[in-house]
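Read through the structure below, which is laid out as structure tokens, and then see the notes.
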Amino acid sequence: MVPRVQLAPEIQLAQRLAGNEQVTRDRAVRKLRKYIVARSQREAGGFTHEELLKVWKGLFYCMWMQDKLLLQEELGRTISQLIHAFQTTEAQHLFLQTFWQTMNREWTGIDRLRLDKFYLLMRMVLNESLVALKMQGWEERQIEQLLELLTTEILHPDSQAPNGVKSHFIEIFLEELARVGAAELSRRTHVQTRVPDQRERGGDGARVLTRLHPRNSPGAVAGEGYARGGGGLGQGPEGRCLAARSQT
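By full-length UniProt numbering, the letter at position 186 of the sequence shown is numbered 186, and the numbering carries on one by one without gaps.
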């Protein structure tokens with residue numbers, strides 16, 4: 001008899017995350033969070049780039065399979081908050097890097113009926129990445145590391161990001177920055193941004209140049225972000241999802 005090959009835990013979890021039954025997927029998400037916490041606490045713990053790509057593939061299809069708006073919002077929130085299960089900034093950034101790489105890879109295969117849920121997931125992951133910065137006191141080095149990651153994976157002309165990912169990121173970045181850090185940023189952080197106009201958004205050179213400097217702030221971020229976003233809610237398709245949630 002041929003011995004049965006034992007699959008790596010990440011592959012097993014990814015398979016369950018993409019399962020046909022919602023109860024299986026829900027259990028896999030809960031188990032994944034516990035697994036991340038346990039593995040991150042080990043002295044020689046942590047995840048490799050390839051392992052997290054496998055995890056994100058499972059999470060991507062977990063979201064793909066989820067129907068019903070409120071359940072999509074709940075799942076998106078649960079997935080995005082997995083970042084806080086990682087015990088180091090480096091591990092959090094690897095989790096974010098592999099998320100955006102997964103979105104870049106899978107984007108062209110998303111049909112129009114599923115776009116809204118992935119617009120929402122991108123917004124929620126960006127939001128939680130900024131929440132993680134806030135929890136660390138907007139430490140300058142960590143800010144620069146996150147901005148470098150986002151530039152490399154999404155905004156740089158040589159990135160693999162499709163225009164749909166780039167343009168949506170441009171739409172939501174200031175809105176989520178204002179939502180997470182408006183009051184604190186107005187006191188201690190200065191933001192310099194250049195947001196491309198609509199013509200630039202459609203081309204390969206679409207980019208946002210953003211720098212956060214922990215110096216004196218004029219407090220303009222919240223005003224600009226919320227003015228553009230209509231009180232912080234996006235004007236794109238996923239904005240309707242967040243608006244619906246805010247009314248419940």
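C-beta atoms are modelled at their ideal positions from N, C-alpha and C, and glycine is treated no differently.
- Cβ-Cβ separation between residue 100 and residue 153: approximately 4 Å, consistent with a contact (criterion under 8 Å).
- Around the CB of residue 109, fewer than 16 other CB atoms lie within 10 Å, so the residue is classed as exposed.
- The C-beta distance from residue 50 to residue 81 rounds to 23 Å, too long to meet the 8 Å contact threshold.
- Between residue 126 and residue 172, the C-beta gap is smaller than 8 Å, which places the two residues in contact.
- For the pair residue 42 and residue 86, the Cα-to-Cα distance works out to about 11 Å.
- Taken through DSSP and simplified to helix, strand or coil, residue 168 comes out as helix.
- Taking a 10 Å sphere around the C-beta of residue 14, we find 16 or more other C-beta atoms and assign the residue as buried.
- One thing to note: residue 56 has its Cβ no nearer than 8 Å to the Cβ of residue 24.
- Straight-line measurement puts the Cα of residue 31 at about 16 Å from the Cα of residue 61.
- The DSSP-derived three-state label of residue 72 is helix.
- A straight line joining the alpha-carbon of residue 159 with that of residue 122 spans about 17 Å.
- A residue is called buried when at least 16 other Cβ atoms come within 10 angstroms of its Cβ; residue 76 meets this threshold and is buried.
- For the 8 Å CB-CB criterion, residue 130 and residue 181 form a contact.
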